[in-house]
Each structure stands twice: as C-alpha cells, then as structure tokens.
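Working notes, structure below.
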Amino acid sequence: MRIGVLTSGGDCPGLNAVIRSVVHRAVTEHGDEVVGVQDGFLGLIEGRTRPLGLEEVTGILTRGGTILGSARVERERMREAVANAHGLAAEVGIDALVAIGGEGTLTAARMFSEAGLPVVAVPKTIDNDIDATDVTFGHDTAVWVATEAIDRLKTTAESHQRVMVVELMGRHTGWITLHAGMAGGAHGILIPERPFDVETVCCMVEERFSRGKKFAIVAVAEGAQPAPGTMRFQHGGTDAFGHQTFGGIGSRLAGEIAQWINKESKPVILGHIQRGGTPTAQDRVLATRFGWHAVEAVHKGAYGHMTALRGTEIHLVPIAEAVAQLKTVPEDRWTEAEAVL
Ligand code: F6P
C-alpha cells in the first residue's frame, strides 16, 4: 500500500512522534510505502509529497513542530479539492491518507472522506478540546510549560510584592489554564467556560495581601471573558494608525487589578511558547500509540474514523463524532480546582 501522511492546522508537540510511528508500523509490519505530504491539505492539492522511510524519521521523536509543515487553504480552493476527492488520491499516488490535526483538520478530513478519499484521522491540539478522545497529545507539554512559567513567576512576584496575571492559550476552552493553574498553585483560575466578575478577582487579590501574603498569581485563558459590565477602566492606547487598541484579557485584567486595588500588577502572555519545543514523555507515548493505530485502521479499511483515547485503550471513532462538539471544562472539574485556590 502507499500511505500519505500530512499534518494540518497549528503545530503541536508530538506531531513528529506520530509521523515516525506511522512510518515504522507501515514499513516494518506491513511493507507499505509512506509519503509525507508537505504543508497539510495545501500540499495534497498541489501534489507536493516526498518519500518517508525509516531513515527520514530517525531522530524526530523528540522534535517539536512538524517536519512536514502546515499551511492554510482558502475556502474556495478547499471546496474544489473536496469535489475532486476521488481523483486527488490517484493524482498524488496514494491509496490512503493519515491526516493529523485539530478541529479544522478533522472537519476537512471528514469532508474528504465522505467525498471518497480514504482518510484516517489522528487528533491533535494543545487545547485538549476534542470531545471524542479523553486527551490529545500536545496538551501535557503545554500544561508543563505553563506550569513551569507559573512556578518561575512566583519567585519574581514575591520578590517585588506584585500580582502576575499569566495569560495562557485556549480561545474556547480552559483546559490548559485549569490544569496549569492547579499544578502551579495559581490563586485565581479564569476560563472561557465561566465568565468572571472582575471585582471578585480584585477582592481575592486584596484579601491575600491583607493576610500578609506577598504576591498573587492569576492564570487566565486567552478566551476568558469578564462578566458584562464588570471592567471598570478603559485599557489600551492607539496604534500606529491612530486606532484604539485593546490588549488581550491578561493585559486588561492586570490593568484592572492595578487600578482597583493599587497593587503593581504585570501581565505575562505566554503565547506560542506553549506549543514549541520537545514533547513530554506522556505526549510522545500517546502520539506513538495513535500512529500505530492509524496504520492498523488503514489496513482494516476503517476510513472516516479517528484514533481516540478512551480510558487507557485506543479506539477508533467516526470523525463525525469527534467534530460534533467541543469538550469544555465541566462544572465538577472546576469545583475540584476551586477547592485549592
Ligand atoms: O488550537 C491551538 C492554539 O494554540 C490555541 O490555543 C490558540 O488560540 C491558537 O491555536 C493560536 O493559533 P495561531 O497559531 O494561528 O495564532
């Protein structure tokens, strides 16, 4: 068999571990040929592939990013490609495709699969918000990086009696912030699932200082929202074009705290540092297992399915099930975190 493999969407620690695993299983167990598709679906549409043998995947297990690259495709071009899904596999010279990606990639994989391209999907995202799998690889690494940042911020915050507001990734869900906030012992954890009252946050910080504590750490997800009307001050300035700019939620909240309780308060935006660098052992293991099961799924003809971790076992679930809804932080998980704030 000739199997194509691509990575699409934002990069994520563990992508290379999946690619390596796919190549090992396909080549050594099944005698398949594997080709790497460059730059995700864009490379598929443009027919840009390169052979991937054991030699090509040597040493990539520990590398962050993706050796295959990733790129966006305009909507219209994607629509045309899906309409030609049947022809695409023949044009590129593959019998099946393993598509590794997040929500957008899974949606595209589903469309291609329904249109006749034999696709097996592997879910990835640092956000951990894909409902059909208990965990996605990349999440553990992001949480580890964010936790280390909180640990480091504590010592500098304490030295200067400051408040540090650390903004973490997660536009729609707060898994990274919840887990890093718990692991790092943050004093406030603010997530998109629960609009927060700014006064409550300020009072919590003020109360900490009044108890003689010398610093406070607030972990806030980039998608967390203040309850309407609870921001008291105007934040941001004007950009080079004279337009009003508003910082992200981390900057705005740090500004609120500083003005509300008159304490020095600094925003720290962790950004893409959470996605870069080498994956944790746990992410490498999950990525490797997903790669193995994706190749087996191809050989079973389980197209239109995705690998998913359920408990400790890897299952195959319809891609449609995976993209039906986002996995948000449920109330009981929040309650457990709140108990140690
Ligand atoms: O979905 C992963 C993620 O890192 C989100 O947490 C974040 O909001 C987004 O991607 C950032 O996307 P980009 O790299 O396109 O700025």
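For what it's worth, the numbering used here labels the leading residue of the sequence shown as 1, then goes sequentially. Where is the CB? At the ideal position from N, CA and C, for every residue including glycine. Values in this document were obtained by computation on a predicted structure and should not be read as measured data.
Three-way DSSP call (helix, strand, coil) for residue i in this model
{"i": "M164", "result": "strand"}
{"i": "F209", "result": "helix"}
{"i": "L54", "result": "coil"}
{"i": "L97", "result": "strand"}
{"i": "M111", "result": "helix"}
{"i": "A66", "result": "For the record, residue 66 in the displayed sequence is Thr; it is not Ala. Coil, per DSSP."}
{"i": "L190", "result": "strand"}
{"i": "L326", "result": "strand"}
{"i": "T307", "result": "strand"}
Classification of residue i by the beta-carbon crowding that lies within 10 angstroms, buried from 16 upward
{"i": "K213", "result": "exposed"}
{"i": "D129", "result": "buried"}
{"i": "N16", "result": "buried"}
{"i": "V340", "result": "exposed"}
{"i": "E193", "result": "buried"}
{"i": "Q274", "result": "buried"}
{"i": "L326", "result": "exposed"}
{"i": "A81", "result": "buried"}
{"i": "F137", "result": "buried"}
{"i": "A109", "result": "buried"}
{"i": "D332", "result": "exposed"}
{"i": "A227", "result": "exposed"}
{"i": "A90", "result": "exposed"}
{"i": "A99", "result": "buried"}
Given residue i as reference, the closest of the options once Cα atoms are compared
{"i": "I269", "options": "V57, T141, I150", "result": "I150"}
{"i": "G223", "options": "T230, C203, R208, F196", "result": "F196"}
{"i": "R50", "options": "G248, H139, P279, I67", "result": "I67"}
{"i": "T278", "options": "G250, R310, D140", "result": "D140"}
{"i": "V23", "options": "M306, A287, T312", "result": "A287"}
{"i": "V218", "options": "G59, G229, T200", "result": "T200"}
{"i": "D134", "options": "E338, M306, T335", "result": "M306"}
{"i": "E76", "options": "I45, L61, E91, R63", "result": "I45"}
{"i": "D131", "options": "T335, Q161, R232, A324", "result": "A324"}
{"i": "V205", "options": "F112, I261, A281", "result": "I261"}
{"i": "L309", "options": "H299, R48, W334, D283", "result": "D283"}
{"i": "T335", "options": "H179, C12, K266", "result": "H179"}
{"i": "E264", "options": "G271, S251, H272, G276", "result": "S251"}
{"i": "M169", "options": "V145, M182, Q161, R152", "result": "V145"}
{"i": "G276", "options": "L190, I94, L106, I126", "result": "I126"}
{"i": "D356", "options": "E33, T107, T105", "result": "Only positions 1 to 341 of the chain appear in this structure, which leaves residue 356 out of reach."}
Contact under 9 Å by Cβ, residue i with residue j
{"i": "G65", "j": "G9", "result": "no"}
{"i": "A221", "j": "E167", "result": "yes"}
{"i": "G188", "j": "A142", "result": "no"}
{"i": "V329", "j": "A254", "result": "no"}
{"i": "G185", "j": "L97", "result": "no"}
{"i": "C202", "j": "I257", "result": "yes"}
{"i": "V35", "j": "R63", "result": "no"}
{"i": "E296", "j": "R25", "result": "yes"}
{"i": "V37", "j": "L6", "result": "yes"}
{"i": "I19", "j": "L52", "result": "yes"}
{"i": "S21", "j": "Y303", "result": "no"}
{"i": "G342", "j": "K124", "result": "Residue 342 is absent from the structure shown; the chain starts at 1 and stops at 341."}
{"i": "P267", "j": "V165", "result": "yes"}
May I ask you to verify whether the stretch 34-44 touches the stretch 59-77, counting CB pairs closer than 8 Å and requiring at least 3?
yes
For the stretch 306-321 against the stretch 115-133, do three or more pairs of beta-carbon atoms, one drawn from each stretch, fall closer than 8 Å, so that the two count as touching?
yes
Flag this pair as touching only if the stretch 285-298 and the stretch 153-169 have three or more C-beta atom pairs under 8 Å; answer yes or no.
Verdict: no, contact absent.
When you compare the stretch 24-36 with the stretch 78-88, are there three or more beta-carbon pairs, one atom per stretch, that lie closer than 8 Å?
no
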